[in-house]
Structure formats: C-alpha cells, structure tokens
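Number of protein chains: 2
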Amino acid sequence: MSVSIRDVAREAGVSVGTVSNALNDPDRVAPGTLQRIAETIERLGFVRNDAARQLRAGRSKAVGLIVLDGANPFFAELALGAERRADEFGLSVLVANADEDPQRERILLNLFEEQRVFGVLISPLVVDVETLRKLRDRGTPVVLVDLTSEDKSFSSVSVDDFAGGKFVVQHMVDRGCRKIAFVGGPLIRNQVAERLSGARAAAESADLELTVVETLGMTVDEGRAIGEKLVKMPKDQRPDAVFAANDLLALGIMQAVILDGQLSIPGDLAIVGYDDIPFASTAIVPLSTVRQSPALIGSTAIELLYSEAQNESDAIRQLVIQPELVIRESSLR
Amino acid sequence: MSVSIRDVAREAGVSVGTVSNALNDPDRVAPGTLQRIAETIERLGFVRNDAARQLRAGRSKAVGLIVLDGANPFFAELALGAERRADEFGLSVLVANADEDPQRERILLNLFEEQRVFGVLISPLVVDVETLRKLRDRGTPVVLVDLTSEDKSFSSVSVDDFAGGKFVVQHMVDRGCRKIAFVGGPLIRNQVAERLSGARAAAESADLELTVVETLGMTVDEGRAIGEKLVKMPKDQRPDAVFAANDLLALGIMQAVILDGQLSIPGDLAIVGYDDIPFASTAIVPLSTVRQSPALIGSTAIELLYSEAQNESDAIRQLVIQPELVIRESSLR
DNA sequence: ATTCAAAGTTGAAACGATTCAATTAGGCAC
DNA sequence: GTGCCTAATTGAATCGTTTCAACTTTGAAT
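Residue numbers (the numbering used here), protein chains in the order written: chain A, 1 to 333; chain B, 334 to 666.
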C-alpha cells in the first residue's frame with residue numbers, strides 16, 4: 001500500500017542505506033545520487049514513517065505536556081512558551097488536557113509513556129510522587145510546572161504563590177478594605193493553598209480575618225454561582241473585597257455582581273484575580289490580577305527537561321518565579 | 334534498557350505470542366497464564382511500545398487537528414468537542430497550532446502524515462486543495478472544519494457564515510444603525526469573506542453602504558489598534574455600528590473605545606462580534622455575537638472522518654450548521 | 001606502478017509488537 | 001485404546017527505518 005524506503009531504493013537504483021543517508025545526512029551522498037533519490041521520492045510520493053524511525057531511535061522527539069484545564073488561556077500561553085523553546089531544541093510539544101480529572105491524568109501519562117516521549121511536563125492536581133517516580137525510573141524525565149515538588153526530587157518551575165497571595169491582600173488592605181474573602185479551590189491544589197497561605201499571612205499582619213470560600217473548580221460558571229450568593233448577603237456580612245484564586249473565577253463573580261446591579265465595583269466590592277489572562281483587561285471592569293508569565297514557565301520547563309535528559313550533574317532544580325501584581329480598575333478605590 | 338514483551342515472555346515462561354494475546358485478547362489465554370503474565374508485567378514495569386505497535390498496525394489511532402489560532406477559545410472548544418467524540422470511537426486527538434502561518438500549517442500536515450495518523454481535521458487559511466488531495470490519495474482521510482470545500486471533493490463541517498453575517502447587519506439595521514462598518518481579515522480567509530458577503534447582502538437590501546476595514550489578523554491587539562483609529566475619526570465619518578469578524582477583534586475594539594472615554598457603547602457605537610467565546614459575556618459591555626457551536630463542529634467532524642476512513646459509500650459530505658445571533662448589551666440601543 | 005586515504009555505497013542486523021499457520025494438550029465419546 | 005474436537009500455546013515472519021562494519025571506487029602522492 002504505502003511507499004517505503006525500499007521502493008525508493010529500488011526505483012532509484014541504490015541501496016536502502018543510501019536513501020536513508022540522503023534523508024538524514026545528505027553530505028555523505030554524492031550530489032548526482034542525491035538528485036536522483038529526490039526525484040524518485042517526489043515521483044513515488046514517499047513519506048517517512050515516523051513509527052519505524054522511533055522504534056529504531058528508542059525515544060521520540062516529542063515532549064508531552066499535560067495541562068489541568070485546556071479552556072484556561074493561562075495554559076494556552078504556557079503551551080505556546082513551551083513550544084517556542086522546544087523548537088530550538090528540535091523537539092515538538094504534544095498538549096493533552098486532563099480536564100481537572102485525576103483519572104484522565106493517569107491515562108494520559110500512560111499514553112505518553114507508551115509513546116516513549118522525550119519527557120513529560122505536568123501540572124498535576126496533586127503530585128502523585130510515586131507514579132511519577134516510577135515513570136522517571138523507567139527512563140522518562142519529568143518536570144513539574146506551576147507547582148513545586150515538596151521533596152525536591154523533581155525539577156519544577158513554579159511561581160511564588162505565597163508571595164502572590166500576600167501581594168493581593170496587602171494591596172487590598174492599603175486600599176482600605178477590611179473584610180476580605182478568599183475564593184478558590186479545591187484546597188488540595190497546591191497552588192491554591194499557597195495563595196491562601198500568603199493571603200492569610202498578609203491579613204494577619206494587618207490584624208484582619210480572612211473569610212475562605214472553597215470551590216470545587218475554578219471556572220467562569222463557578223464564579224457566577226459564587227457571585228449570585230454574594231449579592232444576596234446582608235450588608236454587614238458581605239465582604240468588601242474578594243480575592244479569587246484565578247481570573248476565570250473572578251470574571252464570573254464580577255459578571256454576576258454587575259448583572260445584579262446592586263453593588264458597584266470597586267466601590268462596594270473590590271475584586272482581584274490571578275493569572276492575568278488576556279481577557280482580564282477587557283472585562284466589564286478591568287480586572288486587577290497577578291501576572292505569572294506563563295510563557296516563561298513553559299519555556300523554562302523545557303530547558304529543565306532538556307538538562308535532565310542530558311543527565312547533567314545539577315539537572316534537578318526547583319525554579320521559582322516571582323509574580324507581579326497588576327492593578328487595574330476592579331480594585332482601585 | 335527498556336523492558337520488552339520478550340523479557341516478559343521469558344520471565345513468565347511463555348512465548349511472546351501469548352503475552353501479546355494476553356494484552357490484546359485476554360479471552361484466548363488461560364486464566365492462570367493470564368495471571369502470571371500480569372504479575373510479571375507489574376514486576377518488570379513493562380510498558381507497551383506504541384511505535385512498534387503502530388509500525389505493525391500501519392496506522393495510528395490518533396487524529397490530527399490543525400487549528401488556525403490556538404489562543405482563540407473558539408478552537409479550544411472545538412478541540413474539546415472533537416476529543417469527546419473521538420473517545421467514543423477509540424481515537425485520540427492531537428491538537429497542533431498553525432498560529433495563522435501557512436508554512437507552519439504545511440509542516441504540521443507533513444508531521445501528521447509521517448505519523449500515519451488516522452486522519453486529519455484542518456481549518457486551513459486558504460484551502461490548498463492540491464496538497465490535501467495528494468495527502469488523501471496517499472491514504473490519510475481529510476475533513477475540513479469551519480470551512481466549506483468549494484469543489485465538494487472533501488468532507489467538511491462548517492457554519493453558514495453568509496447567514497451569520499446577514500443576521501448581524503439585519504439586526505443592526507433594525508436597531509436604527511445607518512453607517513455600518515465591517516472589520517476583519519484577511520479577506521482571503523473564506524470564513525471572513527463569507528461573513529462579509531452576508532453583511533453586504535443585508536446592507537444592500539436596506540439600501541445602505543457598508544464600510545470595509547480589512548485586517549491582517551483577528552486578535553485582541555489588532556482590535557485595539559482599530560479601536561484607537563476609530564475614536565479619532567470625525568463624527569460625520571465615524572460608523573455608528575461595527576461588525577467585527579470575530580470576538581477577539583470586537584473585544585479589542587471595545588476596550589480601546591471605552592478607554593478613550595469619548596464614545597458610549599452601544600449609544601454612539603454598536604458592536605457585534607462573532608464566535609460567542611466564553612469571554613464575550615464577561616466583557617466591559619457584554620458583547621452581542623454569533624454563536625457557532627464549536628463543540629458541535631468538532632464532534633461532527635470526527636464522525637465524518639470516521640465514515641470516510643470506513644470507506645462508506647456516501648462518505649463525502651458537506652455539512653452546514655446554522656449559526657445563531659446572540660444579542661447582548663453592546664448592540665442594544 | 002604502487003600505495004593509501006577519502007568518499008560513496010552496500011546490505012544485514014537491529015528496534016518491539018502483532019499475526020497466523022502450525023503444534024500440543026486435554027477432554028470426551030465410542 | 002482410538003479418534004476427534006476444542007482450547008491454548010508457539011515462534012517465525014513482518015512492519016520500515018537506521019546504523020555500521022565492510023566493501024568499492026576514485027584520485028592524489030610517491
């Protein structure tokens with residue numbers, strides 16, 4: 001059915017080895033031969049079979065990237081950063097969406113291992129160190145993204161979520177907010193827990209209490225539900241500032257509040273999100289948020305993965321990027 | 334290095350054929366043997382090598398999806414729809430981002446062919462029928478998404494962009510707009526051209542002229558640039574309604590106009606977008622737009638691809654989905 | 001004329017799973 | 001005990017590429 005390198009060799013009157021050389025190391029092949037082979041390939045419509053190449057090579061040139069939530073632009077940017085850097089190493093990136101489901105995460109991990117990917121970048125729900133360690137012991141390097149590994153045995157690129165959370169609440173306090181609520185979850189997600197810890201630290205040093213609303217996920221829909229509850233609260237219980245653990249959540253809350261029409265943002269309620277997705281600045285009220293440089297996380301992760309694959313001596317490293325508070329209208333009062 | 338099926342066979346005291354059967358057709362293998370093989374696999378940490386499987390099988394179980402712009406949530410939803418449906422056929426979906434670059438599109442197409450994917454879903458910049466036909470002749474089924482094939486030789490799932498464009502301008506006319514501008518591009522992109530044709534038709538039947546502003550791409554940044562020019566126009570030249578060919582563009586325009594502060598939306602300027610991305614409803618002024626059901630496009634495309642791969646008699650079909658006008662505040666005046 | 005190196009070329013041996021015709025074993029009936 | 005059927009198992013051949021040691025040719029140096 002399909003045209004193989006053998007067919008090309010026969011038609012061009014050379015051996016298979018020569019065709020292979022023509023494709024992979026043209027300098028080894030005489031110009032005339034090269035030309036003849038090129039024409040034959042064109043004429044027969046030969047296309048390399050990657051499965052055979054990979055089988056021979058042992059490992060693929062593709063990196064598997066497993067993201068938590070494919071619908072979050074934060075991960076789209078992270079993926080883009082990874083792709084650009086991977087290009088420079090001659091690698092490609094396969095993006096897979098775990099859709100916040102730990103089981104799907106496991107299936108994808110297995111899929112990537114069966115494909116003998118060059119390595120895996122993963123931002124897991126909860127780090128299942130055991131599974132990841134086994135994977136690595138069998139020869140697939142792993143780098144954690146957007147998350148630190150507690151036990152320092154894996155490379156990781158993360159953002160200092162504690163600092164981010166602290167910045168947000170400090171800013172709210174500076175602006176005169178007294179009743180601050182943190183919204184996000186689930187709290188077993190490391191990033192969320194860290195942001196909360198940072199927020200708590202800032203609240204404590206200002207002698208304020210922090211209300212915590214734990215959510216199941218962090219989507220626009222979930223935010224809308226929270227927002228609808230919020231506007232129904234009596235004035236003395238209602239917070240005057242909401243720190244949402246990501247922008248999707250913040251936008252949802254904002255939408256519900258504005259739709260209701262009773263409260264003004266930021267007058268009655270300040271809102272700050274997290275991630276600085278492109279749509280934060282185009283929101284009903286431009287959203288204050290914490291910028292994480294997802295593209296930088298992605299590109300750095302590829303670099304770490306590459307070092308680890310090369311067995312460099314200091315290959316295992318935990319990098320922490322400092323986040324940046326972006327103040328827009330939603331918290332300016 | 335890596336554990337192969339041969340190692341498992343030796344350790345378990347059976348032949349390679351039996352191990353293979355245990356994995357692929359357990360009913361053929363005696364329960365005791367099955368158990369022993371399972372234990373050996375666990376003990377040795379054996380993981381199937383997908384490259385070898387594929388080489389033997391000839392084709393992979395993965396569908397390649399090439400999207401125009403990975404940053405557009407419209408395509409994220411389309412991909413999700415495709416993934417869900419593919420699951421049911423036992424297929425998986427590889428998403429690749431052409432990033433609006435025809436050359437990258439070509440490279441990705443070749444990459445997918447080298448991987449002998451089950452089939453390709455593509456939303457090309459401009460259909461290069463010749464390339465796609467060759468690809469198909471060599472055995473890779475192709476389905477066009479979000480675009481019709483003019484010559485009916487390819488299956489496609491598209492949205493009736495002409496109708497969508499018509500709806501938008503009709504709605505603007507109904508609301509009393511007299512000077513309507515169409516913003517989008519490049520016009521060689523079929524979808525954009527169709528939306529414009531529909532808009533023109535509606536404008537003509539209302540005896541209005543349509544101003545056309547052709548853009549190079551359709552991102553938020555591009556929209557902002559247009560918006561900044563718009564607010565500087567003298568009142569008698571300025572349009573009273575803008576139809577942007579996608580939501581990103583519309584959101585960018587809206588942001589620039591609001592930031593400038595001179596014009597009110599929709600009072601002075603009505604804006605309508607296209608796609609109904611999740612952020613259209615959370616915008617500064619909730620954005621009127623045209624809903625396309627991207628998930629439906631994705632899932633339907635997978636179905637068409639599957640039929641074509643099965644060589645079903647009526648496999649080549651062009652499906653056209655009707656879009657729906659979603660009216661929000663940005664065009665209500 | 002002889003020697004030697006460099007440049008091209010060859011073809012068989014992997015890589016690891018699947019397939020399938022052939023073989024063996026086990027059970028049952030007579 | 002013999003024959004027969006089914007169930008289980010075997011192992012060589014295959015997929016298409018890359019690799020590499022071995023071989024041939026060419027041309028320059030002596």
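Here a beta-carbon is modelled for each residue, glycine too, at the ideal position from N, C-alpha and C.
None of these values were measured; they are calculated from a predicted model.
| query | result |
| --- | --- |
| Rounded C-alpha distance that separates SER337 (chain B) from VAL352 (chain B) | 11 angstroms |
| Ordered list of alpha helix (DSSP H) runs contained in the region 64-149 of chain A, each at least 4 residues | 73-88, 102-114 and 129-137 |
| Sequence-distant residues of the same chain with beta carbon closer than 8 angstroms to LEU249 (chain A), five excluded per side | VAL183, GLY184, THR215, MET218, THR219, VAL220, GLU222, GLY223, ILE226 and GLY273 |
| Short-range partners of chain A found in the region 434-452 of chain B, where Cβ spacing is below 9 angstroms | ASN443, LEU444, GLU446, GLU447, GLN448 and ARG449 |
| Straight-line Cα distance separating ALA315 (chain A) from SER307 (chain A) | 6 angstroms |
| Coarse secondary structure for PHE495 (chain B), derived from DSSP in three states | helix |
| Local conformation of GLY58 (chain A) per DSSP, three classes | coil |
| DSSP-derived helix/strand/coil call for SER293 (chain A) | coil |
| ALA634 (chain B) versus B:VAL575, B:VAL653 and B:ASP360, residue with shortest Cα-Cα distance | B:VAL653 |
| Backbone secondary structure at ALA225 (chain A) - three-state DSSP | helix |
| At least 3 beta-carbon pairs within less than 8 angstroms: the region 441-461 of chain B vs the region 132-148 of chain A | no |
| Contacts that ASP593 (chain B) makes with chain A (C-beta to C-beta distance below 9 angstroms) | Within 9 angstroms Cβ-Cβ: nothing; ASP593 (chain B) doesn't reach chain A, min ~14 angstroms. |
| Chain-ordered chain A contacts of GLN588 (chain B) [CB-CB under 9 angstroms] | SER281, THR282 and PRO286 |
| Interface residues of the region 36-54 of chain A facing chain B [CB-CB below 7 angstroms] | GLY45, VAL47, ARG48, ASN49, ASP50, ALA51, ALA52 and GLN54 |
| Neighbouring residues, chain A, relative to ARG471 (chain B) (Cβ below 7 angstroms) | GLY45 and VAL47 |
| Validate contact between the region 86-98 of chain A and the region 356-369 of chain B using beta carbons, cut 8 angstroms, 3 pairs | no |
| Separation of THR622 (chain B) from ASP160 (chain A), as counted between CA atoms | 38 angstroms |
| LYS499 (chain B), buried or exposed, once every other Cβ within 10 Å from all chains shown has been counted against 16 | buried |
| Assigned secondary structure, VAL545 (chain B) (DSSP; H/G/I helix, E/B strand, else coil) | strand |
| Given ALA163 (chain A) as reference, the closest of A:SER331, A:GLN322, A:PHE46 and A:GLY261 once Cα atoms are compared | A:GLN322 |
| Alpha carbon of ALA241 (chain A) to alpha carbon of ARG85 (chain A), nearest angstrom | 39 angstroms |
| Sequence-distant residues of the same chain with beta carbon closer than 8 angstroms to ALA9 (chain A), five excluded per side | SER15, VAL16, THR18 and VAL19 |
| Proximal residues to ARG508 (chain B) (C-beta, below 7 angstroms), its chain only, five neighbours per side dropped | ALA603, SER664 and ARG666 |
| Where the alpha helix (DSSP H) through ALA38 (chain A) begins and ends | 31-44 |
| For CYS510 (chain B), the nearest candidate out of B:ILE591, B:ASP601, B:LEU480 and B:GLY414 (CA to CA) | B:ASP601 |
| Near-chain A residues of the region 388-420 of chain B (beta-carbon distance less than 8 angstroms), N- to C-terminal order | LEU388, GLY391, SER393, GLY403, ALA404, PRO406, ALA409, GLU410, ALA412, LEU413 and GLU416 |
| N- and C-terminal bounds of the beta strand (DSSP E) containing VAL183 (chain A) | 180-184 |
| Any 3 or more C-beta pairs closer than 8 angstroms across the region 373-388 of chain B and the region 406-422 of chain B | no |
| GLN503 (chain B) in three-state terms, based on DSSP | helix |
| GLU447 (chain B) versus A:LEU65, A:SER149, A:ILE180 and A:PHE46, residue with shortest Cα-Cα distance | A:PHE46 |
| Residue interval of the alpha helix (DSSP H) (run including VAL336 (chain B)) | Careful: VAL336 (chain B) lies outside any alpha helix (DSSP H) and carries neither H nor E. |
| SER456 (chain B) at chain A interface by Cβ criterion, 8 angstroms | no |
| Whole-number beta carbon distance between ARG328 (chain A) and SER264 (chain A), since they are thought to touch under 8 angstroms | About 15 angstroms; that fails the 8 angstroms criterion. |
| CB contact below 8 angstroms: LEU251 (chain A) versus chain B | yes |
| Counted within 10 angstroms of its Cβ, other Cβ atoms place LEU132 (chain A) as buried (16 or more) or exposed | buried |
| Within chain A, partners of LYS467 (chain B) - CB distance below 9 angstroms | GLY45 |
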